[in-house]
Amino acid sequence: MILKSNLTYEKVAGLPYLGLLPKYLRSKLNTLSDLRDRADFVGFRIGAKWFTLINHPETVQEIMALPYKFQKNININLLTGDGVLTSNGEKWYQDRKILQQFFIQQDIEFKKEIIEKSICSVLNNRSFDPIIDFKKLAAELTFKVIAISLFGEIDSLKVDPLVRNTFDAISKFISKTPYLPNWYTNFFLQSQKNNFENNIKILKDHILNLVRDFKNQKNPSSKNILNCFLHHPNYETEATQQIITMILAGYDTTSLTLCWALFLLSTRPKMQEEILHDDQLLERVLKEVMRLYPAGWAWTRDAVEDVELSHVKFLKGSKVFISPLLMHRDPRFYDNPSEFIPDRFLHFVNHKAYFPFGSGARICLGKSFAMLELKIMLKSLLTNWIIGPTDSEPIMDPQITLEGSGFFFTAQRR
Ligand code: HEM
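Just so we're aligned: the sequence shown equals residues 1 to 414 in the numbering used here.
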């Protein structure tokens, strides 16, 4: 990396061969926050790889605007196939163009109705124990919403716990790939292929059946995401992998955001009441939840050629590390950064330093959908229950998404 302006750069090598790996394994967040506070750009090594942590908002935005020069390098094709979340170059561009149509359709009323219906089917007649494990409930809710809203699936999608566990196992492994050498990652994934594959096969077969049924329908609905791929020469493979991608991208992220929101609201009964009658406050609350706990907490990109930006030049092969979580909690950009203050969004916030849904060409495809879903889920829950805290506070546990150590709350009928 070559600095072109008076911004600051520091390099932190750490131990021979291991770099900062031992520290990083002890506490990812402390290690990264410490790096963040050193300079605008910080070179560091964890295990096999060197990265540059980008702490300068304008440079983050510039990088994210160049998807062909800074590419993703995520090895989860075993699970998703080559879907829009992981593909690069022309394949990604075409995938995104097709899927965007679906998300741009502004049929909010239809989406609202469908989301409400799915939530009711999970919550209705449900009696809660005094202390609830919300992680499970939120996962069930968001999975159902995604399934029904995207491909009209109502009762038949039986998500075997095995499949969910496989998602979790792969997600845990993927979060280690930043510091494992590529050859080991590939080797490991290949060696685990059979274990994972039996479970994934259940899901893939199920989705393949849906995909086939849809094609055979006399009047396939234009509101089903499968409709986007109907004329694709490779319809079955393409539609199946894109649906698995959507589940992977959309369910855990939304479910965790709901859990963090309930955590922050659990000690604020007055705010729980207020957001039921004030949509703008609800919007600010969600923005602030995602400032403090962005579910997609960090990602990397590889420069596939030399790239000259306004303040810095990256050489081909450089790896950049970008984290909304670190930037959203940076005292240079936010007053009292660790405090939950939804009303800060009434005033100016540095938009370049706020990007819970990513930014640029690869910004989250499901952004508006997720916001709508979260608003409806929160309202439905809080209309019926008052959520209270328990002794066990969730502690951040950054894996591929921003997990928490546990989301246990009390729920009392209103
Ligand atoms: C609160 C919930 C969500 C959060 C915080 C979130 C966050 C993100 C972030 C940060 C990215 C960019 C990652 C990167 O650049 O490396 C992303 C991409 C993406 N998200 Fe979301 N997401 C959420 C919900 C959803 C939902 C509900 C869907 C689909 C139904 C979805 C579909 C996608 C897809 C397809 C991409 C990849 C876009 C591309 O690469 O062109 N997300 N999301």
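Beta carbons: idealized from backbone N, C-alpha and C, even for Gly.
In the DSSP assignment, what are the bridge partners of Thr-410? Beta-bridge analysis with DSSP links Thr-410 to Ile-131 and Gly-388.
Please determine whether the Cβ atom of Arg-329 lies at a distance below 7 Å from any heavy atom of the ligand COA. Summarising the ligand content, the structure contains the ligand HEM and does not contain the ligand COA.
Check this for me: beta carbons of Gly-360 and Met-64, under 8 Å apart or not? Going by C-beta atoms, Gly-360 is nearer than 8 Å to Met-64.
Taking the alpha helix (DSSP H) that Trp-92 belongs to, which residues open and close that run? Unbroken alpha helix (DSSP H) run through Trp-92: 89-104.
Would you call the segment 262-276 and the segment 37-56 in contact, with 3 or more CB pairs under 8 Å? At 8 Å Cβ cutoff, the stretches do not touch.
Nearest CA to the CA of Leu-365: which residue from Lys-4, Ala-48, Leu-248 and Lys-215? With distances taken between Cα atoms, Leu-365 lies closest to Leu-248.
Any chain C beta carbon closer than 8 Å to Asp-40: The structure shown contains no chain C; it holds only a single protein chain.
Quick one: residues in its chain with C-beta nearer than 7 Å to the C-beta of Asp-155, no 5 flanking neighbours on either side, listed in chain order? In this prediction, Asp-155 has a pLDDT of 49, which is less than 50 and means its spatial position is unreliable; what the coordinates show is noted afterwards. Excluding positions up to five away in sequence, the list is empty.
I need the DSSP call for Gly-419, collapsed to helix, strand or coil. Outside the displayed span of the chain (1 to 414) sits residue 419, for which this structure offers no information.
Simplified DSSP state of Thr-300, which is helix, strand or coil: Here DSSP, grouped into helix, strand and coil, assigns Thr-300 to strand.
CB-CB length for Leu-264 against Phe-340, believed under 8 Å: Contact holds; Cβ gap of about 5 Å.
Taking the beta strand (DSSP E) that Leu-402 falls in, what are its first and last residues? In the DSSP annotation of this structure, the continuous segment of the beta strand (DSSP E) that includes Leu-402 starts and ends at 402-404.
DSSP state of Phe-333, grouped into three classes? If DSSP states are grouped into helix, strand and coil, Phe-333 belongs with coil.
Note the first and the last residue of the continuous alpha helix (DSSP H) segment covering Phe-51. Here Phe-51 belongs to no alpha helix (DSSP H); instead the beta strand (DSSP E) covers 49-54.
Nearest to Leu-203 by alpha carbon, out of Lys-215, Asn-234, Tyr-235 and Thr-240? It is Thr-240.
N-terminal and C-terminal residue of the alpha helix (DSSP H) that Gly-250 is part of: 235-266 is the span of the alpha helix (DSSP H), which, as asked, contains Gly-250.
Relative to the ligand HEM, is the shortest distance from any of its heavy atoms to the C-beta of Lys-204 smaller than 7 Å? For the ligand HEM, not one heavy atom lies less than 7 Å from the Cβ of Lys-204.
Work out the CA separation of Lys-218 and Phe-355 for me, nearest whole Å. Per the coordinates, the alpha-carbon of Phe-355 lies some 42 Å from the alpha-carbon of Lys-218.
I'd like to confirm something about Ala-139: is its beta-carbon nearer than 7 Å to some heavy atom of the ligand HEM, or not? It does not: the Cβ of Ala-139 is nowhere closer than 7 Å to a heavy atom of the ligand HEM.
To the nearest angstrom, how far is it from the Cα of Ser-5 to the Cα of Phe-70? In a straight line, the C-alpha of Ser-5 is about 21 Å away from that of Phe-70.
When the Cα atoms are used, what is the spatial distance from Ala-138 to Trp-299? Looking at the backbone, the Cα of Ala-138 and that of Trp-299 are separated by about 24 Å.
Measure the C-alpha to C-alpha separation of Asn-88 and Arg-413 and round it to an integer number of angstroms. The alpha-carbon atoms of Asn-88 and Arg-413 are separated by roughly 48 Å.
Alpha carbon to alpha carbon, what distance is there between Ile-104 and Gln-94? Gln-94 and Ile-104: Cα-Cα distance of roughly 16 Å.
As assigned by DSSP and simplified to three states, the class of Leu-325: DSSP, read as helix, strand or coil, puts Leu-325 in helix.
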